[in-house]
Structures are given as C-alpha cells and as structure tokens.
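Engineer: Here this note's numbering is used: the first residue of the sequence shown is 7, the next is one more, and so on. Positions of the beta carbon are idealized from the N, C-alpha and C atoms, including for glycine. This structure is a prediction, so every number in the text was calculated from the model and none was measured. Dropping a structure here in structure tokens format, bear with me for questions.
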Amino acid sequence: MTEGRKTAPAPRARAKPTKRERHRALRELDEMLERPMIYLGIIWAILIIVQLTRGLSPLLVTLSTAIWVVFIVDFAVRMVLAPYKLAYLRRNWLTALSLFLPALRVLRLVRLLRFVSLAREASLVRVVGSLNRGMAALGGLLGRRGFGYVVATTVLVTLGGGAGMYAFEHTVAGTSITGYWSAVWWTAMVMTTMGSDYFPHTMQGRVLCVLLSLYAFTVFGYVTATLATFFVDREAASPQSNIPDQEAIEALQREVAGLRGEIQALVAATSRAPDPAVAPPGH
C-alpha cells in the first residue's frame, strides 16, 4: 500500500547569496589578491611603455598577454561578485575599456570598422588605462598618501605619457618628437606647466596632452604647498628665524586653552551667584 509510505522531501533550492554576502566575498577577494595585483599592475605599465617605444620580444609578448588574461579574469570575477553591477561598472569603466579594446585586435574586428581609426583610439585607451592601473598599484603600495606617492605617480605618468606621445607623434611630418627621450622631455615640460613650442598634431596626442595638463594642474598645487611647508619648517627650526617654532606655538595654544577654561569657570560661577538686587523672601 502506498498510503503508508512517506514521500522524501524535495531538495531545497540553494538560496542566492545576498548583497551583504557578495560584498563580504568581494572584500575578502581584495584582501587576498591585493599584493599580487599591485605588482602585476606595475609590471603591466612598464610593459606598455616598452611596447610603445621599443616593441616587445616574443617572451615579453607572452608575459604581457598572460597578465592581460589575469586582469580579465579578475575583472570578471569582481563583476560577478559585485552587489551593484552597474555601479561597479561605472566606477571601473576605464579599466573595462582598456581590457576590452585589445580583444578587438585579437578577434580581428578592427577590419569591420575601417571608417574610424580604432587602432589608435585603442592605443590611447590602453595608455590611459595602464597609467590608471599603475597609479592604483602605486597607491596600494605606498598608501595613496604622502609626498613619495605623488612623486612616484608623477614619474610614472611622465614616462608613460612620453611613451604615448612618442607612439602618436613620431611619424608625423615635421615633428620634433623624434625619440622616446625627447617625448619624455616634452611631457616633463607639460607636467611642470612650463609648456613647449611643439603642439601635438594627432587627435590622440592632443587628447593625451589635455589629460597630462589636467594631472599637472592637480598635482602642482600639492607639490607647491609641500615644498613651502618644508622650507617654512626649516626656517622655523633655525635659531636666527623670526618664525616661532612648534614648541612656542604649542605653548601658546596651551595658554589660550587655560584662559578659555578660566573664563568658562568664571561665567559658570557668576551664573550660580544670587542677584543682590533681588531680596530673598521673608525679609
């Protein structure tokens, strides 16, 4: 008889991970892969500079392709784990483009878009994307703060920007950028806001020039303030200086804090004292 038989319970469907669980998994992945991805980002930026200026040997091409595949897998895994995928994609759109555009060359899709210079645009995105990844790697290595981080990222942007300008401008008729180091010199002049008498002719070179100028204006104020603070501190530490040193400033701050406390105590005592103009009841 089948009436006495107990039917086995149906297996429960595995619950989908919640947004909190996805966020925790993404944070654990960041902690686990932070150091390896930092070193790979720096190596990737160096390989891009060498590729744009001298070309890569077959061994370096293999290494560059392997790192590129690792970046794609890492981005895909993070995209799957991200609780809010559109927000994650908006924050990392430049990384996505720098990883996707080289695939067009691998898949030979550039031939389908002959009406635009997609190869040069892809090179521009690769330069900017690799510099962005290299800056993020230096930020993770140096803590994203301090004068050392600014100097390191500026050196990277100067070398990478020079490689991009050389790749875009060295074949233009009448160019003064005939070698990589002349391109680095031109980029350094832009980075110091001094400028140069050469103006980029290609659209990619002009876009890169604008981006380098924006970076230079952003960093120039920080560098100026840091150098001014350094010289002011040295002047303050000098015995012949008229600038008060830090100990005198701290003593003055303590004195002001003590006077403020005395004034507050006096005000509190005054507010608690009876008004002599008002006679107490019963008199």
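Between the alpha carbons of residue 271 and residue 263, how many angstroms are there, rounded?
Structural biologist: 12 angstroms
Engineer: Could you give the DSSP three-state label for residue 138: helix, strand or coil?
Structural biologist: helix
Engineer: Whose CA, out of 215, 43, 49, 53, lies closest to the CA of residue 81?
Structural biologist: 43
Engineer: Should residue 210 be labelled buried (16 or more other beta-carbon atoms within 10 Å of its own) or exposed?
Structural biologist: buried
Engineer: Given a cut-off of 8 angstroms, decide if residue 136 and residue 50 are closer than it, judged by their beta-carbon atoms.
Structural biologist: yes
Engineer: Does the segment 186-194 touch the segment 143-161, meaning 3 or more C-beta pairs lie closer than 8 angstroms?
Structural biologist: no
Engineer: Is the number of C-beta pairs between the segment 156-167 and the segment 220-237 that are closer than 8 angstroms three or more?
Structural biologist: yes
Engineer: Return helix, strand or coil for residue 260, following the three-state DSSP convention.
Structural biologist: helix
Engineer: Would residue 132 and residue 104 qualify as a contact pair, given that the criterion is a beta-carbon distance under 8 angstroms?
Structural biologist: Cβ atoms of residue 132 and residue 104: closer than 8 angstroms.
Engineer: To the nearest whole angstrom, what separates the beta carbons of residue 139 and residue 201, a pair I think is in contact under 8 angstroms?
Structural biologist: That belief does not hold up - the Cβ atoms of residue 139 and residue 201 are roughly 28 angstroms apart, past 8 angstroms.
Engineer: Count the other C-beta atoms from every protein chain shown that fall within 10 angstroms of the C-beta of residue 198, then say buried if there are 16 or more, exposed otherwise.
Structural biologist: exposed
Engineer: Starting from residue 39, trace the alpha helix (DSSP H) both ways and give me its first and last residue.
Structural biologist: Unbroken alpha helix (DSSP H) run through residue 39: 25-59.
Engineer: Note down the Cα distance separating residue 146 from residue 269, rounded to an integer number of angstroms.
Structural biologist: 48 angstroms
Engineer: Would you tell me roughly how many angstroms separate the C-alpha atoms of residue 41 and residue 230, rounded to the nearest one?
Structural biologist: 32 angstroms
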